[in-house]
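Engineer: Residue numbering for the first sequence is 272 to 891, as defined by my numbering. The beta carbon of each residue, even a glycine, is placed where N, CA and C say it ideally should be. Keep in mind it's a predicted model, so treat the numbers as computed, not measured. Pasting a structure below so you can have a look.
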Amino acid sequence: MNHGKNVIHNAQDLSGKGLKRKMGFFVSACGWRVLRYFATPMRWSEFFIPTLREAPADAEIASHRLLLRAGLARKLSGGLYTYLPLGLRSLKKIEAIIREEMNSAGALEVFMPALQPTELWKRGPRFNAAKKVMFKAISSSDKNLNDTELVLGPTHEEVITDLVANHLNSYRHLPKNFYQIQTKFRDEIRPRFGLMRAKEFIMKDAYSFDADDAAASVSYRKMFAAYQRIFSRIGLQAKIVEADTGVMGGSFSHEFSVPCNIGESEIVFTDDGSYAGAIEKAVSRPHPRKAQAAPSDAPEKWPTPGVRTIENLTKKHGVAACDQVKTLVYIADSKPVLLLLRGDHTLCEDKVAALGFEEYRPATDAEIFDAMGAHPGSLGAVGVCKPKVAGIYADQDLKDEKGLVTGANEDGFHLKNVDMGRDIVPDRYLSLRLVQEGELSLPNEADPVGGKPLKIQRAIEVGHVFKLGTKYSQAFGATYLTQEGKSEPVVMGCYGIGVSRTLQAVIEQNCDEQGIRWPFAVAPFAVVITLLDTSLTPHALSLKESLEKSGLDVLLDDRDERPGVKFKDADLIGFPVRVTVGEKSWAAGGVEVKLRTEKTARTLPVSEALQVICGWAKAS
RNA sequence: CGGAGCGUAGCUCAGUUUGGUAGAGCACUUGCUUUGGGAGCAAGACGUCGCAGGUUCAAAUCCUGUCGCUCCGACCA
């Protein structure tokens, strides 16, 4: 790419007045004196903003296209992006908000290595689960690779717990919460949507260490509240949903999710907010069954030749799906198990994890016939026995149901009058099914009555808080001595925010046909001054200075471009406020000010314009 | 990793079926004109057509292999 013009300007700037004038120190909210990050040239002509009229063909969703078109980032290769100056400003603003809230919640910032010894992971409790996504990093100068193999860290529970095991030894040292903002590496099989799912991404991760479960709950609630403040300050509408703990392990978890139709997960919620859950966790009241159970003495076998599906049984024999039992065979830790669901319900595979298997998968037809003596479509749990089948697990909505129909374990036959508890005795009842849109919520703490209709929406997860328990502390020997001198494992929590993903989620949630509509808090610049006549440059500069004195960051569009180009670029990048300084409005007594979110501008004298803009910024 | 598709200028794409020595629009450079919503004219610069083999007098085009990327699925902040 030839950016000769910009390069020359930057070179002049370095050698001359520009940078020196803008360097300075400011006192950040955490009280440190920090080299002023925003010591960048604030003239467009000196900046580097390669906007694109057309988006690269591989950008599919709005935020990804805008990320590229507005000159915020560029792709190096699949899932790897360079942040350009403009995008980096927004990213740093998001990080600053996170830092402030984490610090004020009492967390301590650390910075852990991205390179981690494989040996550390092998000592931990989830090496096998994690290695799917890990990048290997091998020192090429080392001949004995086995001993020195390194990985690029996909996350840092192992590192921090190892640290803590060595240093938090007494109840007097607790509680503690450490966090960092670090690059994580995950070998995503399919990176997509720009920063939404990348191989390398920036994450804020925090880890809390407490003496007992009650104290850990306090830490959890602190982080939960900090997250609410963070997303609210960033300007992101994040829905909070009960979540599954997945491979992290642990007991309790919430996701902060941004609804958007390209989301990778689904969330279930009621309109009144009384219930919200991730799809792999959500529960509901099922639609009532059609048939009422008639008392019966025993299951009755009847021929159903050629019937292989639930739908078929409904059509040919008039048995409603909800009156049937769906019998699924899975191979869990190498043994066949039965999963039972109501005929009109769908299995949620993630929920099978609650049974504690290390791995599980649907059985093949051959495995099914071997275990059951019949083919799929004629399966049932009546009369099956161990050890052929290692376990029978039924969805909780089948509990106490009577008068059901299920396969007879003989091709071409079904059983009716089947009662749960009498004819089928599962090892355990639990929630196994997927919630369906329109079902009603169950009673819960927020709503003791329940019965609200449930909606389902795709969402992108930007934050996740876990109460981990002692899984990692036990693995790494992170114990402390109680007041009584007893050794106990510390109780952990972990808390993540996808920082780079959050940046793009803000764009996804704040854009229109013209471009981005940045919230003030994370806009790369709060104000753009669109200068249309060079004769007015001194006035534009003094306006810029006044705005900066009020604490706003301002970019002066001093490019030698036609007005249309400047307006289009301003809308595309999406500065919250645009001030137009041109002869037309100057003759009318002032400048034009306009919010990106509003259609029309208003012409005001400079002093009034200042007030209006500051008012907008304050109100945001 | 399974299925599908695409690699030609910085970006969007044509040219590939039927082999004949590289194109358009935008962007870039220079000049003139223009100047309140992505200007006009003129001149210019930019490509070993993803890479490696093969077929042929001749390959962007046909064949083989390979690499990269994108889309749909299983996984994740």
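Nearest by alpha-carbon distance to N781: which of P388, P724, V793 is it?
Structural biologist: By one-based count along the first sequence, residue 781 stands at place 510. If we check each option's Cα against that of N781, V793 comes out closest.
Engineer: Hey, Y601 and L611 are a contact pair by Cβ (cut 8 Å); roughly how many whole angstroms apart?
Structural biologist: Within the first sequence, residue 601 is the residue found at index 330, counting from 1. Within the first sequence, residue 611 is the residue found at index 340, counting from 1. With 8 Å as the limit, Y601 and L611 do not qualify as a contact, their Cβ atoms being about 11 Å apart.
Engineer: Restricting to Cα atoms, I'd like to know which of E390, F406, Q728, Y546 is closest to A717.
Structural biologist: For the purposes of this step, residue 717 is taken as residue 446 along the first sequence, with counting starting at 1. If we check each option's Cα against that of A717, Y546 comes out closest.
Engineer: Is it true that the region 847–854 meets the region 796–807, where meeting means three or more beta-carbon pairs spaced less than 8 Å apart?
Structural biologist: As far as the Cβ criterion goes, the region 847–854 touches the region 796–807, which means the pair count is three or higher.
Engineer: Can you give the Cα-Cα distance for P462 and T322, rounded to whole angstroms?
Structural biologist: In the first sequence, the residue the question calls residue 462 occupies position 191. In the first sequence, the residue the question calls residue 322 occupies position 51. So the alpha carbons of these two residues sit roughly 24 Å apart.
Engineer: Output the boundary residues of the beta strand (DSSP E) element that contains P607.
Structural biologist: Within the first sequence, the letter at position 336 stands for residue 607. It spans 606–613 - the beta strand (DSSP E) in which P607 sits, taken as one unbroken run.
Engineer: Across the region 697–713 and the region 494–510, are there enough close Cβ pairs to call them in contact, namely three or more that are closer than 8 Å?
Structural biologist: No: fewer than three Cβ pairs fall under 8 Å.
Engineer: Can you give the Cα-Cα distance for Y751 and A376, rounded to whole angstroms?
Structural biologist: Position 480 of the first sequence, counting from 1, holds the residue named residue 751. Position 105 of the first sequence, counting from 1, holds the residue named residue 376. Taking the straight line from one Cα to the other gives about 23 Å.
Engineer: Looking only at its chain, what residues have a beta carbon closer than 6 Å to the beta carbon of W789, apart from the 5 residues adjacent to it on each side?
Structural biologist: For the purposes of this step, residue 789 is taken as residue 518 along the first sequence, with counting starting at 1. G845, P847, listed in sequence order.
Engineer: Considering only the alpha carbon of each residue, which of I365, V762, G767, A634 lies closest to G506?
Structural biologist: Within the first sequence, numbered from 1, the residue matching residue 506 stands at position 235. It is I365.
Engineer: What does DSSP give as the partner residue(s) for K572 in the beta ladder?
Structural biologist: Position 301 of the first sequence holds residue 572. The partner list for K572 (beta bridge, DSSP) reads L686.
Engineer: Quick one: is C489 buried, meaning 16 or more other Cβ sit within 10 Å of its Cβ, or exposed?
Structural biologist: The residue labelled residue 489 in the question sits at position 218 within the first sequence. Here the sequence assigns Val to residue 489, which means Cys is not the residue at that position. So V489 counts as exposed.
Engineer: Using 8 Å as the threshold, is the region 625–640 in touch with the region 571–583, meaning 3 or more CB pairs across them?
Structural biologist: Contact fails: fewer than three Cβ-Cβ distances are below 8 Å.
Engineer: Leaving out the 5 sequence neighbours to the left and right, which residues in its chain are closer than 7 Å to T598 when beta-carbon positions are compared?
Structural biologist: In the first sequence, counting from the first residue as 1, residue 598 sits at position 327. The residues are L609, L611, L650, G651, A652, T677, G678.
Engineer: Go to Y491, then tell me how far its beta strand (DSSP E) extends in each direction, as first and last residue.
Structural biologist: On the first sequence, position 220 is the one that residue 491 refers to. Not the beta strand (DSSP E): Y491 falls in the alpha helix (DSSP H), residues 484–505.
Engineer: Identify, in the order they occur along the chain, each residue of the same chain with its Cβ nearer than 7 Å to the Cβ of A549, setting aside the five sequence neighbours on each side.
Structural biologist: For this step, residue 549 is matched to residue 278 along the first sequence. So the qualifying residues of the chain are V512, E513, A514, D515, E526, S536, I538.
Engineer: Excluding the 5 residues preceding and the 5 following Y450 in the sequence, name in chain order all residues of the same chain whose CB lies nearer than 8 Å to its CB.
Structural biologist: Against the first sequence, residue 450 aligns to sequence position 179. Taken in chain order, the residues that qualify are M373, A378, L379, E380, V381, K475, D476, A477, Y478, Y766.
Engineer: When you compare only the Cα positions, how much space is there between T805 and L827?
Structural biologist: Working through the first sequence from its first residue, we reach residue 805 at position 534. Working through the first sequence from its first residue, we reach residue 827 at position 556. Near 12 Å, if we compare the C-alpha coordinates of L827 and T805.
Engineer: At what residues does the alpha helix (DSSP H) containing T585 begin and finish?
Structural biologist: Taking the first sequence and counting its residues from 1, one reaches residue 585 at position 314. Per DSSP, T585 belongs to the alpha helix (DSSP H) from 581–588.
Engineer: Taking only three categories from DSSP, how would you classify T432?
Structural biologist: One-based indexing of the first sequence puts residue 432 at position 161. Note: T432 maps to helix in three-state DSSP.
Engineer: Alpha helix (DSSP H) containing M373: first to last residue?
Structural biologist: Here residue 373 corresponds to residue number 102 of the first sequence, with the count starting at 1. 356–375 is the span of the alpha helix (DSSP H), which, as asked, contains M373.
Engineer: Does the structure place the region 419–428 close enough to the region 346–363 that three or more beta carbon pairs sit under 8 Å?
Structural biologist: These segments do not touch.
Engineer: Suppose the cutoff is 7 Å on Cβ atoms and the five residues either side in sequence are ignored; what does the same chain contact list for L337 look like?
Structural biologist: What you label residue 337 is simply residue 66 of the first sequence in a count that begins at 1. Only I778, C782, G786, I787 meet the Cβ criterion.
Engineer: In angstroms with no decimal places, state the Cα-to-Cα distance between F480 and E429.
Structural biologist: Taking the first residue of the first sequence as 1, we reach residue 480 at position 209. Taking the first residue of the first sequence as 1, we reach residue 429 at position 158. Spanning the two alpha carbons is a distance of roughly 13 Å.
Engineer: Under the three-state reduction of DSSP, which class applies to L306: helix, strand or coil?
Structural biologist: In the first sequence, counting from the first residue as 1, residue 306 sits at position 35. For L306, the pLDDT reaches just 41, beneath the cut-off of 50, and the residue's location in the model is therefore unreliable, although a value from the coordinates is still provided. It is a strand residue.
Engineer: With DSSP run on the structure shown, which of helix, strand or coil describes P321?
Structural biologist: As a first step, residue 321 is located in the first sequence; it is residue number 50 there, counting from the start. Coil.
Engineer: Buried or exposed for K276, going by 16 or more other Cβ atoms inside 10 Å?
Structural biologist: Your numbering for residue 276 matches position 5 in the first sequence. For K276, the pLDDT reaches just 33, beneath the cut-off of 50, and the residue's location in the model is therefore unreliable, although a value from the coordinates is still provided. Exposed, by the Cβ-count rule.
Engineer: If you compare alpha carbons, which of T426, P384, A408 is closest to A401?
Structural biologist: Indexing the first sequence from 1 puts residue 401 at position 130. The shortest C-alpha separation from A401 is found at T426.
Engineer: Would you kindly report the start and end of the unbroken alpha helix (DSSP H) that includes L814?
Structural biologist: Along the first sequence, read from residue 1 onward, the residue named residue 814 stands at position 543. Where L814 is concerned, the enclosing alpha helix (DSSP H) stretches over 808–820.
Engineer: Distance check for T773 and P574, CA to CA, integer angstroms please.
Structural biologist: By one-based count along the first sequence, residue 574 stands at place 303. By one-based count along the first sequence, residue 773 stands at place 502. Going by the C-alpha atoms only, they are around 58 Å apart.
Engineer: With a floor of 3 residues, list each beta strand (DSSP E) that falls wholly inside the region 672–750, ordered by position along the chain.
Structural biologist: The qualifying runs are 675–678, 684–689, 699–701, 725–740.
Engineer: Relative to the C-alpha of L258, which residue among D840, L466, K738, L701 is closest?
Structural biologist: Outside the shown range of the chain, which is 272 to 891, sits residue 258, and nothing can be said about it.
Engineer: Under 8 Å between the Cβ atoms of W392 and R830?
Structural biologist: Here residue 392 is taken as the residue at index 121 of the first sequence, counted from 1. Here residue 830 is taken as the residue at index 559 of the first sequence, counted from 1. Not a contact, by the Cβ cut-off of 8 Å.
Engineer: From which residue to which residue does the alpha helix (DSSP H) around V836 run?
Structural biologist: Here the question's residue 836 lines up with position 565 in the first sequence. From DSSP, the alpha helix (DSSP H) with V836 extends over 834–844.
Engineer: Going by beta-carbon coordinates alone, are Q728 and P530 separated by less than 8 Å?
Structural biologist: Here residue 728 refers to the residue found at position 457 of the first sequence. Here residue 530 refers to the residue found at position 259 of the first sequence. Taking 8 Å as the Cβ cut-off, Q728 and P530 qualify as a contacting pair.
Engineer: In chain order, what residues of the same chain lie with their CB nearer than 8 Å to the CB of K723, ignoring the 5 residues before and after it?
Structural biologist: Numbered from its first residue, the first sequence carries residue 723 at position 452. The answer, listed in chain order, is T541, D542, D543, S545, Y546, L711, S712.
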